[in-house]
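If you're matching positions, the sequence shown starts at 0 in numbering that gives the first Met the number 0 and goes up one per residue.
Backbone N, C-alpha and C define an ideal beta-carbon position, used for all residues, glycine too.
Just so we're clear, the structure is a prediction, and the values are computed from it rather than from any experiment.
For reference, the structure discussed in these notes is given below.
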Amino acid sequence: MSIKPDRWIRRMATEHRMIEPFAPHQVRKVGDRRIISYGTSSYGYDVRCANEFKIFTNVHSAVVDPKNFDETSFVDVEGDVCVIPPNSFALARTVEYFRIPRNVLTICLGKSTYARCGIIVNVTPLEPEWEGHVTLEFSNTTPLPARIYANEGIAQLLFLESDEVCETSYKDRDGKYQGQQGVTLPKA
């Protein structure tokens, strides 16, 4: 496997619709306003967070159970900013829609700007032939409220290309998160 450089990412995005919408270069400003960067980097792609958020709340004293998730554990918020309570988390999705090639595994890492503020971004790998909006999980590890900004960079994807295609892809397995749109909660 090899990590793929910017020219490969640009080619895959334009010729194979791997990333839509696609920013071929790093975007650091919108007008005269500085933002947290997004777009193509040297060896990855910085994704943006959409403006739809699900903020975890314990109002109903629910138990967090991945096999039987209680949707009332979240408050839905739409806006340019999401404030995550101390020691809590929120879910969101990427602006970008992805179509991962059959011979590629994609790994997501949080951006250092957020990590230095105690905000951890968690995303599981995007498997070969997975397609959809990426659901993002933000953990606020601090004792203070933390801000996440919509339509700005939030995490970086790294694309690892194999010398051969996998025997069974996510699409072949009919994975339960295939084609997800919007913020997707856990499915049993």
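Buried versus exposed call for residue i [16 or more other C-beta atoms within 10 Å across all chains shown]
i: residue 186; result: exposed
i: residue 11; result: buried
i: residue 143; result: exposed
i: residue 182; result: buried
i: residue 152; result: buried
i: residue 36; result: buried
i: residue 8; result: buried
Reference residue i, options the options, closest by Cα
i: residue 47; options: 145, 61, 123, 93; result: 93
i: residue 102; options: 22, 170, 6; result: 170
i: residue 173; options: 147, 127, 15, 87; result: 127
i: residue 55; options: 179, 136, 123, 32; result: 136
i: residue 180; options: 130, 160, 45; result: 130
i: residue 40; options: 66, 110, 63; result: 110
i: residue 189; options: 88, 27, 99; result: Summary: the structure shown does not reach residue 189, with the chain confined to residues 0 through 187, and so no result is reported for it.
i: residue 119; options: 104, 132, 85, 125; result: 85
i: residue 115; options: 141, 132, 90, 133; result: 141
i: residue 134; options: 164, 63, 50; result: 50
i: residue 125; options: 155, 113, 87; result: 155
i: residue 17; options: 132, 29, 175; result: 132
i: residue 26; options: 45, 9, 8; result: 45
i: residue 164; options: 177, 104, 175; result: 104
Rounded Cβ spacing between residue i and residue j (contact assumed at less than 8 Å)
i: residue 20; j: residue 95; result: 6 Å
i: residue 106; j: residue 157; result: 5 Å
i: residue 38; j: residue 24; result: 6 Å
i: residue 52; j: residue 91; result: 5 Å
Beta-bridge pairing of residue i - partner residues as DSSP gives them
i: residue 35; result: According to DSSP, which records beta bridges pairwise, residue 35 is partnered with nothing at all.
i: residue 91; result: 135
i: residue 145; result: 83
**Prompt:** Are the stretch 73-92 and the stretch 147-167 touching, with three or more C-beta to C-beta distances below 8 Å?
**Reply:** The stretch 73-92 vs the stretch 147-167: in contact.
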